[in-house]
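Here the sequence shown is numbered in this note's numbering, starting from 33 and rising by one per residue. From the three backbone atoms N, C-alpha and C, an ideal C-beta is built for every residue, glycine too. Just so we're clear, the structure is a prediction, and the values are computed from it rather than from any experiment.
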Amino acid sequence: KLTFTPGTLQFGDVAVQGIASARTPADPLDPQAPTNPIFVVDMGGLRFAHFGDIGQDALTPEQLAALTNVDVAITPLSNPESGMDYENRKGFLLMQQVQPRLVVPTHDSMMAARYANDLWHCVYSSQSSVVVTRAKLAGEVHCLLLGSASATFQQMLKLPTAQW
């Protein structure tokens with residue numbers, strides 16, 4: 033059985049912090065029994081945040097305080113299960129609050145990918161993994177499209193291939 037308790041675990045030079053969040057706007061934000069955890073991983077001099085299936089309309093001040101200096105955000109931009117879609121731009125609004133250097137969508141759509149490309153420098157990779165370094169995160173905010181739909185997005189939006 034897997035359970036969630038907010039807090040931080042340390043494994044050598046890797047720290048993993050769990051932050052309570054809500055899967056839908058209707059869900060109560062209960063720190064002891066959240067409907068969606070956010071995981072922040074500090075390692076290798078970089079800070080990663082995985083937002084799971086977050087569905088909140090906005091992050092709370094407490095959540096934002098725990099999400100400072102995020103380098104890489106792994107997050108949905110369009111996810112009907114959590115009430116997030118291109119029309120309400122909820123995923124994009126959450127990223128405006130966090131201001132990561134790299135956004136890696138976990139759920140997306142053509143409309144969301146097109147809007148992401150308007151906001152950020154979008155690239156795609158057909159590889160199943162990439163290497164992220166601080167140097168690669170310099171400059172403008174990037175959006176990295178991975179997964180089965182990324183080739184379609186690349187063709188339709190004329191996205192460059194990630195050089196990572």
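Entirely within the segment 105-191 and at least 3 residues each: give me those beta strand (DSSP E) ranges in chain order. 134-137, 153-156 and 174-177
Taking just the CA atoms, how far does Q129 sit from S158? 29 Å
Hey, how far is the Cα of E172 from the Cα of R133? 7 Å
Determine the burial state of R166: buried for a count of at least 16 other Cβ atoms within 10 Å of its Cβ, exposed for fewer. exposed
Going by beta-carbon coordinates alone, are T138 and T107 separated by less than 8 Å? yes
Cβ pair L126, V104 closer than 8 Å: no
Anyone know if the C-beta pair for A47 and P66 falls short of 8 Å? no
If you draw a straight line from the alpha carbon of T40 to that of A97, how long is it in whole angstroms? 14 Å
According to DSSP, is P69 part of a helix, a strand, or is it coil? strand
Can P38 and G50 be called in contact, C-beta distance under 8 Å? yes
Taking the Cβ atom as the reference point for each residue, do S110 and D150 lie within a distance shorter than 8 Å? no
Out of curiosity, what's the CA-to-CA distance linking T12 and E94? Absent from the structure is residue 12, since the part of the chain shown begins at 33 and ends at 196.
Any non-hydrogen atom of the ligand NAP within 7 Å of W152 CB: Questions concerning the ligand NAP fall outside what the structure shown contains, since it holds no ligand whatsoever.
As a quick exercise: from V163, Q195, D74 and Y156, pick the residue whose alpha carbon is nearest that of S180. Y156
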